[in-house]
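Okay, so the first sequence: first residue is 39 according to the working numbering, each after it adds one.
Virtual Cβ for every residue (Gly too), placed ideally from N, Cα, C.
Read the structure below first, then the notes.
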Amino acid sequence: MDLNFKMENIKRGTLEVVTEEELKDKIKKDKPIAYIGYEPSGSVHLGHAITVKKMIDLQNAGFKVKILLADFHAYLNGKGSLEEIEKISNYNKKCFRALGLSEDTEFILGSSFQTLEDYTHKIYELALSTTLTRAKRSMAQITRDSKDHKVAEVIYPLMQVLDMIFLNVDVALGGMEQRKIHMLARESLPRMGYEAPVCLHTPLLHGTDGSDKMSSSKENYIAIDDEPDVIRKKLQKSFCPQGQVEGNPVIEIAEHFVFTEDKTLLIERPEKFGGNLELNYKDLLEIYAKNELHPLDLKNSVIKRLIEILEPVREYLKSD
RNA sequence: CCCGCCUUAGCUCAAUUUGGCAGAGCAUCGGACUGUAGAUCCGAGGGUUGCUGGUUCAAGUCCGGCAGGCGGGACCA
Numbered sequence: 039m040d041l042n043f044k045m046e047n048i049k050r051g052t053l054e055v056v057t058e059e060e061l062k063d064k065i066k067k068d069k070p071i072a073y074i075g076y077e078p079s080g081s082v083h084l085g086h087a088i089t090v091k092k093m094i095d096l097q098n099a100g101f102k103v104k105i106l107l108a109d110f111h112a113y114l115n116g117k118g119s120l121e122e123i124e125k126i127s128n129y130n131k132k133c134f135r136a137l138g139l140s141e142d143t144e145f146i147l148g149s150s151f152q153t154l155e156d157y158t159h160k161i162y163e164l165a166l167s168t169t170l171t172r173a174k175r176s177m178a179q180i181t182r183d184s185k186d187h188k189v190a191e192v193i194y195p196l197m198q199v200l201d202m203i204f205l206n207v208d209v210a211l212g213g214m215e216q217r218k219i220h221m222l223a224r225e226s227l228p229r230m231g232y233e234a235p236v237c238l239h240t241p242l243l244h245g246t247d248g249s250d251k252m253s254s255s256k257e258n259y260i261a262i263d264d265e266p267d268v269i270r271k272k273l274q275k276s277f278c279p280q281g282q283v284e285g286n287p288v289i290e291i292a293e294h295f296v297f298t299e300d301k302t303l304l305i306e307r308p309e310k311f312g313g314n315l316e317l318n319y320k321d322l323l324e325i326y327a328k329n330e331l332h333p334l335d336l337k338n339s340v341i342k343r344l345i346e347i348l349e350p351v352r353e354y355l356k357s358d
């Protein structure tokens, strides 16, 4: 793969690359390191999968991939006891592998290095140079609840910045909600004598209820290992306004999970509704926006294809 | 450490001056209407009233203790 091809592959489907020049330099390095952190979660859903797929793109472009299983972060965010969190982090690890990450992917438990003396020391250093307002602002879209704010909430972003040092990160990937922490890292790390990481941000998938973000705590997600009839039911219930492409979760699922596999989507519909159609992504947007494709026909097609696409993931997770 | 206020359904809050079967809105689920969902209309489920001890025929309500939250005061070599 040549440089431009790698760049295009990495950029595809992201909302921003900070910065493209820096990313080019990173690609030229020998075994550059790309990282993403996840708070272990009871269910790994399509929102997670978007970022995992992007990590695979990075892997294919020659990056060494490190996945941080951020148990302490989840703990600081009120997700439960460390024991509970560690248990589901093993399940998450299997989910991420099921999505197609290669064998040399490194999974690292946050607590395995986040209590090192040097790490702790640097937390204090960073705590001294970061304003409360800045730290809280960076957490606006991440923190679990919006009142009874705990000190944990501002320790969280500091740790995330330091993780990038300890994991030797060249590129940090995250959904758009991670942006402000990433920007804090880009500003803070050089001050501490380290190179700023390149930051890649993927879009957030809307919840099946049409809300801003698919989230395992809101019952508006499709898990990567949901059984076919569960996927069917959830998609049938999905918010899907006729003719509207923006913020439409069914369209988004087609974009990020169907059209990344196939060039076209086959719409099967009865003759009385116009008969079958075969659409590429661009056609889909056009025709749907013109009200020439009924939401139910779209749903049925996406349901059928998504169930097939997630089949190997389900199988992998059922095996031992 | 001291004082005051607060804690009721998943969430926000009601529950008559003076103890008498714990309610509403939102959310959830179901039905109607749309060839989807949503919106709208109709209906249903949902509770150890923070925990604990007491007073009383009867306690969300009164009294004691504990926990958590909020505010103030005090201390500050």
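6 Å CB neighbourhood of Cys384 in its chain, flanking five on each side removed: In the structure displayed, the chain extends from 39 to 358; residue 384 sits before or after that span and is not available.
The segment 308-328 / the segment 277-285 touching (three or more Cβ pairs under 8 Å): With the cut-off at 8 Å, the segment 308-328 and the segment 277-285 touch.
His362 - DSSP class collapsed to helix/strand/coil: Given that the chain is displayed from residue 39 to residue 358, the structure contains no residue 362 and the question cannot be resolved.
Other residues of its chain near Ser360: CB distance less than 6 Å, five sequence neighbours each side excluded: This structure cannot speak to residue 360, because the chain is shown only from 39 to 358.
Three-way DSSP call (helix, strand, coil) for Thr181 in this model: For Thr181, the secondary structure class from DSSP, reduced to helix, strand or coil, is coil.
Under 8 Å between C-beta atoms of Val90 and Leu170: Cβ atoms of Val90 and Leu170: not closer than 8 Å.
Terminal residues of the beta strand (DSSP E) in which Ile71 lies: Looking at the DSSP string, the run of the beta strand (DSSP E) that includes Ile71 is 71-76.
Among Arg343, Glu257, Lys62, the one whose alpha carbon lies nearest that of His83: Selection Arg343, Glu257, Lys62 evaluated against His83 yields Glu257 as nearest (Cα-Cα).
Segment contact flag, the segment 188-204 with the segment 125-140, C-beta cutoff 8 Å, min 3 pairs: Remark: fewer than three beta-carbon pairs, one from each stretch, lie closer than 8 Å, so the segment 188-204 and the segment 125-140 are not flagged as touching.
Within the segment 115-168, ranges of the beta strand (DSSP E) (whole runs, at least 3 residues): Within the segment 115-168, the beta strand (DSSP E) runs of at least 3 residues that lie entirely inside it are, in chain order, 144-147.
Beta-bridge partners of Asn318, as assigned by DSSP: DSSP, once it has assigned bridges, lists Thr302 as partnering Asn318.
Cβ shell of Leu242 (< 6 Å), same chain only, five flanking positions each side left out: Answer for Leu242: Gly213, Met214, Lys251, listed in chain order.
For Glu54: DSSP bridge partner residues: Paired residues: His239.
Beta-ladder partner(s) of His83, from DSSP: Beta bridge pairing from DSSP links His83 with Ala261.
Nearest-angstrom beta carbon gap, Leu107 and Tyr76 [assumed within contact, 8 Å]: Rounded, the Cβ-Cβ distance is 7 Å, consistent with contact.
Run of the beta strand (DSSP E) containing Ala99, from where it starts to where it stops: No beta strand (DSSP E) holds Ala99; DSSP gives it neither H nor E.
Pairwise C-alpha distance: Pro78 and Glu124: Cα to Cα, the separation comes out at about 8 Å.
Cβ pair Glu155, Met230 closer than 8 Å: Taking 8 Å as the Cβ cut-off, Glu155 and Met230 do not qualify as a contacting pair.
Sequence-distant residues of its chain with Cβ nearer than 6 Å to Ser127 (five each side left out): Excluding residues within five positions, the ones whose Cβ falls inside 6 Å are Pro78, Leu107, Asp109.
Three-way DSSP call (helix, strand, coil) for Leu331 in this model: In the structure shown, Leu331 sits in coil (DSSP, three-state: anything other than H, G, I, E or B).
First through last residue of the beta strand (DSSP E) which encompasses Ala210: Bounds of the beta strand (DSSP E) holding Ala210 are 209-213.
Pairwise C-alpha distance: Lys104 and Ile146: Whole-angstrom Cα-Cα distance: 7 Å.
Close-in-space but distant-in-sequence residues of the same chain around Ile347 (CB under 8 Å, 5 per side omitted): Result list for Ile347: Phe295, Val296, Glu299, in chain order.
Range covered by the alpha helix (DSSP H) that runs through Ser226: That run of the alpha helix (DSSP H) goes 217-229.
Reference Asn98, options Asp40, Tyr232, Ile305, closest by Cα: Comparing Cα-Cα distances from Asn98 to each of Asp40, Tyr232, Ile305, the minimum goes to Asp40.
Cβ-Cβ distance between Glu309 and Ser339 below 8 Å: For the pair Glu309 and Ser339, the CB atoms are not nearer than the 8 Å cut-off.
Candidates Met177, Glu330, His86: closest to Gly312 by CA position: Closest option to Gly312, judged by alpha-carbon separation, among Met177, Glu330, His86: Glu330.
Cβ neighbours of Thr276 in the same chain (closer than 6 Å, five flanking residues each side left out): Going by the sequence as given, residue 276 is Ser instead of Thr. Contacts found: Thr246, Pro287, Val288.
Rounded straight-line distance, which links the Cα of Leu317 to that of Thr143: Cα to Cα, the separation comes out at about 35 Å.
Residue of Lys342, Pro235, Ala173 minimising C-alpha distance to Val268: It is Lys342.
Neighbour-count burial assignment, Asn115, 16 or more Cβ in a 10 Å radius: Asn115 comes out buried.
When Gln179, Lys218, Gln152, Glu265 are compared against Glu349, the one with the closest alpha-carbon: Among Gln179, Lys218, Gln152, Glu265, the Cα nearest to that of Glu349 is on Glu265.
Cβ-based burial, Lys92 [other Cβ within 10 Å; buried from 16]: Per the 10 Å Cβ criterion, buried.
Own chain partners of Glu60 with C-beta closer than 6 Å, once the 5 adjacent residues on each side are dropped: Excluding positions up to five away in sequence, the list reads Val236.
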